[in-house]
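Chemist: Just so you know, we're using the working numbering here: the sequence shown kicks off at 43 and counts up by one.
Each residue gets a CB set at the ideal place from its N, CA and C atoms; glycine is no exception.
Here the structure is a predicted model, which means the values were calculated and not measured.
Take this structure first; my questions come after.
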Amino acid sequence: MPMINSAGDDRQLLLLAITIERHCACLYRELAHRFRPYDNGVSTILDELAKEELSHEQELVDLYAEITGDKVAENLPESEKLNDFMRGLDSVRDHFFVIDPPMAKTILEIALEVERYTHRFYMQLQGEVTDPQVLTLI
């Protein structure tokens, strides 16, 4: 990956991180919805994960506004890095509800893998960030 050296590129990475947080929050809400008929407790945990993603998104949005003086658009444009991230999550796009313990285990494993995958993706991005404020949140 090439190194990024400009503030504009840091802004693009912030927008990418905001988009990722939004996407993961939606994914966790969807997983919570799948779990609700089977195990409301696990559904609640997944809902809390979604809230955590939204909270992190808000921190990134606030930082973006502080750095740029601009608001973040509701619908952010796609980028090649976002497409790379999304390809890595293709395995969790099937729609189904939890009906038995093996399926429940699979969904929980998916939620953990989403967190691991996102963490690895952010670790790759850290080498491209030049702004220390951005680095603390990514």
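(1) Would you call A92 buried or exposed, if buried means 16 or more other Cβ atoms sit within 10 Å of its Cβ?
(2) How do the region 97–112 and the region 68–84 stand: do at least 3 beta-carbon pairs fall below 8 Å, yes or no?
(3) So for E108, helix, strand or coil by DSSP?
(4) Let me check understanding here. Comparing Cα to Cα, which of L154, L105, G111, G169 lies closest to I87?
(5) Use the C-beta contact count for R64: other C-beta atoms within 10 angstroms, 16 or more gives buried, fewer gives exposed.
(6) On the three-state DSSP scale, how would you describe T86?
(7) Closer than 8 Å is the cut-off here; do at least three beta carbon pairs connect the region 151–170 with the region 98–117?
Modeler: Per the coordinate set shown:
(1) buried
(2) no
(3) helix
(4) L154
(5) buried
(6) helix
(7) no
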